[in-house]
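Take a look at the structure below.
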Amino acid sequence: MEIGPFIPLTSDYGFKATFGNEGNTLFLRTALQALIKSAVPIREVQLEKNAFEALTLDSRSGIFDLACTDEAGNHFIVEMQLGHAPHFVQRMKFYGLHKFNTVVERGRFDYANLPRIYCIAFLEKSILPTAGYHTMANLRDEQGEPIDEQMTFILVELAKFDKPVAAISTDLDKLLYTMKKLHEVTEPTQYPPFWNEEWLERAIEELNTRRMTPEERFQFARYTAINAEAVNAERARLSGIIQRSLQKRLTVEEIAEINEVTVEYVQELLARLKEE
0 MEIGPFIPLT SDYGFKATFG NEGNTLFLRT ALQALIKSAV PIREVQLEKN
50 AFEALTLDSR SGIFDLACTD EAGNHFIVEM QLGHAPHFVQ RMKFYGLHKF
100 NTVVERGRFD YANLPRIYCI AFLEKSILPT AGYHTMANLR DEQGEPIDEQ
150 MTFILVELAK FDKPVAAIST DLDKLLYTMK KLHEVTEPTQ YPPFWNEEWL
200 ERAIEELNTR RMTPEERFQF ARYTAINAEA VNAERARLSG IIQRSLQKRL
250 TVEEIAEINE VTVEYVQELL ARLKEE
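Mapping the sequence shown onto numbering that gives the first Met the number 0, position 148 (from 1) lands on 147, and the numbers just tick up by one.
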(Lines of atoms letter the chains of each structure in order from A; the text may use other names.)
(Lines give C-alpha, C1' and ligand atoms only; values in the text may rest on other atoms or scores of the structure.)
Protein backbone atom coordinates (compact mmCIF):
# COMPACT_ATOMS: atom_id res chain seq x y z
CA MET A 0 0.00 0.00 0.00
CA GLU A 1 1.41 3.39 -1.04
CA ILE A 2 0.95 5.97 1.69
CA GLY A 3 2.66 9.29 2.30
CA PRO A 4 4.91 10.20 5.22
CA PHE A 5 1.92 11.26 7.33
CA ILE A 6 -1.59 9.89 7.57
CA PRO A 7 -4.23 12.66 7.31
CA LEU A 8 -5.42 13.68 10.76
CA THR A 9 -8.93 13.98 9.33
CA SER A 10 -9.02 10.34 8.18
CA ASP A 11 -10.78 7.67 10.21
CA TYR A 12 -7.49 6.20 11.39
CA GLY A 13 -5.88 9.61 11.95
CA PHE A 14 -8.80 10.90 14.00
CA LYS A 15 -8.86 7.88 16.29
CA ALA A 16 -5.05 7.85 16.66
CA THR A 17 -4.99 11.49 17.82
CA PHE A 18 -8.30 12.67 19.25
CA GLY A 19 -9.14 9.13 20.38
CA ASN A 20 -5.73 8.27 21.86
CA GLU A 21 -6.60 6.84 25.28
CA GLY A 22 -2.95 6.23 26.17
CA ASN A 23 -2.06 9.92 26.01
CA THR A 24 -4.81 12.55 26.04
CA LEU A 25 -2.58 15.65 25.90
CA PHE A 26 -3.52 16.39 22.28
CA LEU A 27 -7.23 15.90 22.92
CA ARG A 28 -7.20 18.03 26.08
CA THR A 29 -5.30 20.88 24.45
CA ALA A 30 -7.45 20.74 21.32
CA LEU A 31 -10.69 20.83 23.32
CA GLN A 32 -9.48 23.79 25.37
CA ALA A 33 -8.67 25.65 22.16
CA LEU A 34 -11.96 24.74 20.50
CA ILE A 35 -14.10 26.01 23.39
CA LYS A 36 -11.80 29.03 23.81
CA SER A 37 -11.25 28.44 27.50
CA ALA A 38 -8.44 29.99 29.51
CA VAL A 39 -8.71 27.13 32.02
CA PRO A 40 -6.61 24.05 31.14
CA ILE A 41 -8.38 20.71 30.91
CA ARG A 42 -6.45 18.42 33.24
CA GLU A 43 -8.17 15.11 32.60
CA VAL A 44 -10.58 13.54 30.12
CA GLN A 45 -12.38 10.24 30.27
CA LEU A 46 -13.30 8.82 26.88
CA GLU A 47 -16.68 7.15 26.59
CA LYS A 48 -17.10 3.83 24.83
CA ASN A 49 -20.50 4.40 23.27
CA ALA A 50 -19.37 6.63 20.38
CA PHE A 51 -21.53 6.50 17.27
CA GLU A 52 -20.02 5.31 14.01
CA ALA A 53 -21.70 5.78 10.64
CA LEU A 54 -21.10 6.50 6.98
CA THR A 55 -21.93 9.70 5.18
CA LEU A 56 -24.53 9.54 2.45
CA ASP A 57 -22.13 10.79 -0.20
CA SER A 58 -19.91 7.79 0.62
CA ARG A 59 -16.74 9.83 0.77
CA SER A 60 -15.94 9.31 4.41
CA GLY A 61 -16.95 7.84 7.69
CA ILE A 62 -18.09 9.85 10.66
CA PHE A 63 -16.23 9.06 13.82
CA ASP A 64 -17.86 10.56 16.90
CA LEU A 65 -15.81 10.85 20.03
CA ALA A 66 -17.47 11.42 23.38
CA CYS A 67 -15.61 12.30 26.57
CA THR A 68 -15.96 14.01 29.95
CA ASP A 69 -13.44 16.26 31.70
CA GLU A 70 -12.56 16.48 35.40
CA ALA A 71 -15.20 19.17 35.94
CA GLY A 72 -17.95 16.95 34.52
CA ASN A 73 -18.26 18.84 31.22
CA HIS A 74 -19.35 16.64 28.32
CA PHE A 75 -17.79 16.81 24.85
CA ILE A 76 -18.94 15.30 21.58
CA VAL A 77 -16.49 15.62 18.68
CA GLU A 78 -17.44 14.75 15.12
CA MET A 79 -15.52 14.66 11.84
CA GLN A 80 -17.42 15.14 8.59
CA LEU A 81 -15.75 14.92 5.21
CA GLY A 82 -17.74 15.60 2.09
CA HIS A 83 -20.61 18.04 1.65
CA ALA A 84 -23.29 17.95 4.37
CA PRO A 85 -25.57 20.99 3.97
CA HIS A 86 -27.85 19.92 6.84
CA PHE A 87 -25.15 18.93 9.29
CA VAL A 88 -26.34 21.45 11.90
CA GLN A 89 -29.47 19.34 12.32
CA ARG A 90 -27.32 16.28 12.97
CA MET A 91 -25.35 18.23 15.57
CA LYS A 92 -28.60 19.12 17.32
CA PHE A 93 -29.61 15.47 17.33
CA TYR A 94 -26.39 14.35 19.02
CA GLY A 95 -26.30 17.29 21.41
CA LEU A 96 -29.91 16.89 22.51
CA HIS A 97 -29.50 13.13 22.85
CA LYS A 98 -26.62 13.78 25.25
CA PHE A 99 -28.70 16.41 27.09
CA ASN A 100 -31.55 13.93 27.60
CA THR A 101 -29.12 11.32 28.85
CA VAL A 102 -27.61 13.74 31.38
CA VAL A 103 -31.03 14.82 32.64
CA GLU A 104 -32.23 11.23 33.02
CA ARG A 105 -29.11 10.30 34.98
CA GLY A 106 -29.92 13.18 37.32
CA ARG A 107 -33.47 11.88 37.78
CA PHE A 108 -34.82 14.85 35.84
CA ASP A 109 -33.13 17.39 38.05
CA TYR A 110 -32.54 20.42 35.81
CA ALA A 111 -30.46 22.27 38.39
CA ASN A 112 -26.66 22.25 38.15
CA LEU A 113 -26.53 20.41 34.85
CA PRO A 114 -23.01 19.94 33.43
CA ARG A 115 -22.05 21.81 30.30
CA ILE A 116 -22.28 20.04 26.95
CA TYR A 117 -20.08 20.97 24.01
CA CYS A 118 -21.06 19.55 20.63
CA ILE A 119 -18.08 20.06 18.29
CA ALA A 120 -17.96 19.30 14.58
CA PHE A 121 -15.17 19.56 12.02
CA LEU A 122 -16.44 19.95 8.46
CA GLU A 123 -14.21 19.69 5.42
CA LYS A 124 -16.70 21.71 3.36
CA SER A 125 -18.40 24.98 4.22
CA ILE A 126 -22.12 25.08 5.03
CA LEU A 127 -22.65 28.39 6.83
CA PRO A 128 -23.03 31.73 4.99
CA THR A 129 -20.71 33.43 7.47
CA ALA A 130 -17.01 34.08 6.78
CA GLY A 131 -15.63 32.74 10.07
CA TYR A 132 -14.12 29.27 10.20
CA HIS A 133 -14.86 28.74 13.92
CA THR A 134 -18.46 29.31 15.02
CA MET A 135 -19.72 29.00 18.61
CA ALA A 136 -23.48 29.08 19.22
CA ASN A 137 -25.80 28.77 22.19
CA LEU A 138 -29.22 30.06 23.23
CA ARG A 139 -29.43 33.87 22.97
CA ASP A 140 -32.12 36.54 22.71
CA GLU A 141 -32.75 38.90 19.79
CA GLN A 142 -30.11 41.31 21.11
CA GLY A 143 -27.52 38.56 21.24
CA GLU A 144 -27.54 38.36 25.02
CA PRO A 145 -27.05 34.84 26.41
CA ILE A 146 -30.10 33.08 27.82
CA ASP A 147 -28.45 29.73 28.48
CA GLU A 148 -24.89 28.52 27.94
CA GLN A 149 -25.30 25.00 29.30
CA MET A 150 -25.18 23.62 25.76
CA THR A 151 -22.76 25.02 23.18
CA PHE A 152 -22.45 24.05 19.53
CA ILE A 153 -19.08 24.59 17.86
CA LEU A 154 -18.70 24.28 14.10
CA VAL A 155 -15.28 24.34 12.43
CA GLU A 156 -15.29 24.72 8.64
CA LEU A 157 -11.84 23.69 7.47
CA ALA A 158 -12.38 24.97 3.93
CA LYS A 159 -12.53 28.54 5.29
CA PHE A 160 -9.22 28.27 7.16
CA ASP A 161 -6.36 29.59 5.03
CA LYS A 162 -3.98 31.33 7.43
CA PRO A 163 -0.27 31.21 6.54
CA VAL A 164 2.21 30.04 9.16
CA ALA A 165 3.37 33.58 9.86
CA ALA A 166 -0.16 34.61 10.93
CA ILE A 167 -0.73 31.69 13.31
CA SER A 168 -0.45 32.29 17.05
CA THR A 169 -3.34 30.57 18.85
CA ASP A 170 -3.64 26.87 19.66
CA LEU A 171 -6.86 26.77 17.64
CA ASP A 172 -5.12 27.97 14.49
CA LYS A 173 -2.20 25.59 15.10
CA LEU A 174 -4.67 22.72 15.34
CA LEU A 175 -6.52 23.62 12.15
CA TYR A 176 -3.31 24.21 10.20
CA THR A 177 -2.08 20.76 11.25
CA MET A 178 -5.37 19.14 10.27
CA LYS A 179 -5.22 20.68 6.81
CA LYS A 180 -1.52 20.53 6.02
CA LEU A 181 0.21 17.65 7.83
CA HIS A 182 -0.43 14.98 5.18
CA GLU A 183 0.93 17.29 2.47
CA VAL A 184 4.34 17.60 4.14
CA THR A 185 7.18 15.45 2.82
CA GLU A 186 10.32 17.02 4.33
CA PRO A 187 11.23 18.23 7.86
CA THR A 188 12.20 21.60 6.39
CA GLN A 189 8.49 22.19 5.79
CA TYR A 190 7.62 21.88 9.49
CA PRO A 191 6.29 25.08 11.08
CA PRO A 192 7.96 25.92 14.43
CA PHE A 193 4.85 25.13 16.48
CA TRP A 194 4.93 21.46 15.46
CA ASN A 195 7.66 21.12 18.09
CA GLU A 196 5.13 21.85 20.84
CA GLU A 197 4.56 18.70 22.86
CA TRP A 198 0.83 18.31 22.24
CA LEU A 199 1.24 18.53 18.47
CA GLU A 200 4.52 16.64 18.36
CA ARG A 201 2.96 13.63 20.07
CA ALA A 202 -0.03 13.64 17.72
CA ILE A 203 2.21 13.93 14.65
CA GLU A 204 4.25 10.95 15.84
CA GLU A 205 1.07 8.87 15.85
CA LEU A 206 0.52 9.77 12.19
CA ASN A 207 4.12 9.25 11.02
CA THR A 208 4.01 6.20 8.75
CA ARG A 209 7.77 5.77 9.02
CA ARG A 210 7.44 5.08 12.75
CA MET A 211 4.47 2.74 12.54
CA THR A 212 4.86 -0.77 13.89
CA PRO A 213 3.70 -3.73 11.74
CA GLU A 214 0.58 -3.93 13.92
CA GLU A 215 -0.18 -0.24 13.39
CA ARG A 216 0.29 -0.62 9.65
CA PHE A 217 -2.11 -3.56 9.71
CA GLN A 218 -4.70 -1.54 11.61
CA PHE A 219 -4.36 1.35 9.15
CA ALA A 220 -4.80 -1.02 6.20
CA ARG A 221 -7.77 -2.61 7.96
CA TYR A 222 -9.49 0.73 8.51
CA THR A 223 -8.86 1.66 4.87
CA ALA A 224 -10.24 -1.64 3.57
CA ILE A 225 -13.34 -1.56 5.77
CA ASN A 226 -14.08 2.03 4.79
CA ALA A 227 -13.61 1.26 1.07
CA GLU A 228 -15.98 -1.69 1.31
CA ALA A 229 -18.58 0.40 3.11
CA VAL A 230 -18.17 3.22 0.59
CA ASN A 231 -18.81 0.84 -2.31
CA ALA A 232 -21.90 -0.58 -0.61
CA GLU A 233 -23.28 2.89 0.11
CA ARG A 234 -22.57 4.02 -3.45
CA ALA A 235 -24.51 1.02 -4.79
CA ARG A 236 -27.42 1.77 -2.45
CA LEU A 237 -27.56 5.42 -3.45
CA SER A 238 -27.30 4.53 -7.15
CA GLY A 239 -30.45 2.45 -6.77
CA ILE A 240 -32.23 5.35 -5.10
CA ILE A 241 -31.18 7.68 -7.91
CA GLN A 242 -32.46 5.32 -10.58
CA ARG A 243 -35.85 5.04 -8.88
CA SER A 244 -35.97 8.81 -8.39
CA LEU A 245 -35.31 9.41 -12.08
CA GLN A 246 -38.14 7.06 -12.97
CA LYS A 247 -40.39 9.32 -10.89
CA ARG A 248 -39.10 12.27 -12.96
CA LEU A 249 -37.27 13.98 -10.11
CA THR A 250 -34.56 16.41 -11.12
CA VAL A 251 -30.90 15.99 -10.22
CA GLU A 252 -31.24 18.93 -7.84
CA GLU A 253 -34.24 17.36 -6.10
CA ILE A 254 -32.44 14.02 -5.75
CA ALA A 255 -29.41 15.75 -4.23
CA GLU A 256 -31.53 17.69 -1.73
CA ILE A 257 -33.57 14.66 -0.64
CA ASN A 258 -30.46 12.54 -0.06
CA GLU A 259 -28.38 15.38 1.43
CA VAL A 260 -25.58 15.09 -1.11
CA THR A 261 -24.17 17.47 -3.68
CA VAL A 262 -25.49 17.86 -7.21
CA GLU A 263 -21.98 17.04 -8.43
CA TYR A 264 -22.02 13.72 -6.59
CA VAL A 265 -25.38 12.75 -8.09
CA GLN A 266 -24.04 13.63 -11.55
CA GLU A 267 -20.95 11.53 -10.87
CA LEU A 268 -23.09 8.50 -9.98
CA LEU A 269 -25.26 9.04 -13.04
CA ALA A 270 -22.18 9.06 -15.26
CA ARG A 271 -21.05 5.78 -13.72
CA LEU A 272 -24.46 4.21 -14.24
CA LYS A 273 -24.37 5.13 -17.94
CA GLU A 274 -20.97 3.47 -18.28
CA GLU A 275 -22.17 0.19 -16.78
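Where a beta carbon is used, it is the ideal one built from N, C-alpha and C, also for glycine.
Quick caveat, the model's predicted, so the values are computed rather than measured.
Leu65: member of the beta strand (DSSP E) spanning Leu65 to Asp69, first to last residue. For Glu70, same chain residues with a beta-carbon under 7 angstroms away, outside a window of 5 residues either side, are Arg42 and Glu43 in chain order.
When the beta-carbon positions are compared, Leu175 and Phe5 stay at least 8 angstroms from each other.
Bounds of any beta strand (DSSP E) do not take in Met211, whose DSSP letter is neither H nor E. Buried is the label assigned to Asp11, since at least 16 other Cβ atoms lie within 10 Å of its Cβ.
With respect to the C-alpha of Pro163, the residue from Thr151, Leu154, Phe152 and Thr177 having the closest C-alpha is Thr177.
Beta-bridge pairing by DSSP links Leu122 to Gln80 and Glu156. The beta carbon of Phe160 is closer than 7 angstroms to those of Tyr132, Leu175 and Lys179 in its chain, skipping five residues each way along the sequence. Of the candidates Pro40, Asn137, Ser238 and Gln32, Asn137 places its Cα closest to the Cα of Ile146.
Under the three-state reduction of DSSP, Asn20 is assigned to coil, being neither helix nor strand.
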